[in-house]
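Here the structure comes first, spelled out in structure tokens, and everything after it is commentary.
In structure tokens:
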């Protein structure tokens with residue numbers, strides 16, 4: 005048992021908060037993971053984790069050791085890369101968790117990545133609700149909104165702007181709202197991903213409008229909301245990148261383009277270490293590339 009293996013187990017236990025989770029993700033037995041931590045504690049003469057039958061909490065000394073452990077592992081990873089001890093080709097499977105809307109857009113371009121790296125394989129897990137990366141066995145995931153989990157390492161990909169849209173058939177049937185405060189009088193199609201608040205927020209020249217839409221249809225899938233809006237069911241608030249083409253083609257009309265609607269930060273996240281395996285780093289670089297195109301600010305002027 006060497007100190008580097010013990011440090012690797014330490015940073016993974018710190019990230020996951022569980023010996024058993026690290027055992028599952030690495031294929032190393034749980035007693036071995038425990039021995040790794042015990043080796044470090046004996047080596048440094050301190051306790052790194054406070055253990056009870058129900059919880060595992062990092063001690064102050066553990067928190068002090070963590071950045072140094074990351075640095076050691078990063079130096080080793082860099083040395084292996086420079087000295088050519090790692091395979092030059094990108095190969096292996098990367099499991100990627102994505103939101104449905106982004107995942108469908110990404111899928112249209114995934115052939116570009118696989119053409120560049122024929123030995124790479126991608127498994128995409130699509131869902132709008134956030135899951136646990138370790139429990140789901142994900143190497144990378146995308147997250148919309150602020151990152152609450154302190155154990156995740158996040159790379160900001162951009163911001164998701166939102167557009168208020170409706171089908172021409174809906175506006176012909178119900179009329180066109182002239183001000184955000186008119187929206188409760190119109191049928192709303194609402195994307196509900198677990199939040200108890202469904203308000204739509206608008207701001208212009210210091211004037212703020214917080215609107216509770218009259219939801220005739222709700223769904224926890226942005227794709228379902230998009231289909232409902234395109235069918236003329238009601239007015240919906242959706243990511244710009246998801247509706248940009250529909251607005252350009254005239255299938256949807258953008259409402260209140262002169263009002264500001266708060267955008268949300270968009271991240272790629274993983275559980276560490278900071279220096280990723282080459283295959284995972286390659287996929288992350290591709291996410292950065294795709295996001296730069298997908299999240300660019302639209303220049304469309306069709307608006308009401």
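Numbering (the working numbering), first residue to last: 5 to 308. In this text, a Cβ means the ideal position worked out from N, Cα and C, and glycines have one as well.
State the DSSP-derived secondary structure class of residue 261, mapped to helix, strand or coil.
coil
Contact defined as beta carbons within less than 8 angstroms: I believe residue 323 pairs with residue 164. What is the distance between those atoms, to the nearest angstrom?
Residue 323 cannot be examined here, being either before or after the span of the chain that is shown, 5 to 308.
In the DSSP output, what is residue 205 paired with across the bridge?
214
Residues of its chain near residue 246, where Cβ-Cβ distance is below 7 angstroms and the 5 sequence neighbours each way are ignored:
105, 226 and 230
Under 8 angstroms between C-beta atoms of residue 299 and residue 272
no
Short Cβ contact (8 angstroms threshold) for residue 129 with residue 97:
no
State the Cα-Cα distance for the pair residue 280 and residue 221, rounded to the nearest angstrom.
42 angstroms
Reduced DSSP secondary structure (H/G/I, E/B, other) of residue 57
coil
Taking the alpha helix (DSSP H) that residue 292 belongs to, which residues open and close that run?
282-298
Unbroken beta strand (DSSP E) run spanning residue 192, endpoints
191-195
Closest to residue 206 by C-alpha separation, out of 193, 179, 267 and 162, would be which residue?
267
Distance check for residue 147 and residue 257, CA to CA, integer angstroms please.
28 angstroms
Consult DSSP for residue 62 and reduce its assignment to one of helix, strand or coil.
strand
Sheet register partners of residue 274 (DSSP bridge)
157
Could you say which of 166, 195, 203 and 191 lies nearest to residue 174 if we only look at CA atoms?
191
Is the separation between the beta-carbon of residue 269 and that of residue 150 shorter than 8 angstroms?
yes
Starting from residue 115 and walking both ways along the alpha helix (DSSP H), at which residues does that stretch end?
114-120
Out of 37, 112 and 11, which has the shortest C-alpha to C-alpha gap to residue 73?
11
Give the straight-line distance between the Cα atoms of residue 89 and residue 19, rounded to the nearest whole angstrom.
Here residue 89 scores only 47 on pLDDT, less than 50, and its place in the model should not be relied on; the value that follows carries that caveat. Taking the straight line joining both Cα atoms gives about 27 angstroms.
Would DSSP call residue 139 helix, strand or coil?
coil
Beta carbon of residue 288 nearer than 8 angstroms to that of residue 144:
yes
Straight-line Cα distance separating residue 26 from residue 16:
6 angstroms
Please classify residue 48 as buried or exposed, where buried requires at least 16 other C-beta atoms within 10 Å of its C-beta.
exposed
Nearest-angstrom Cβ-Cβ length linking residue 334 and residue 52, presumed shorter than 8 angstroms
What is shown of the chain runs 5 to 308, which leaves residue 334 out entirely.
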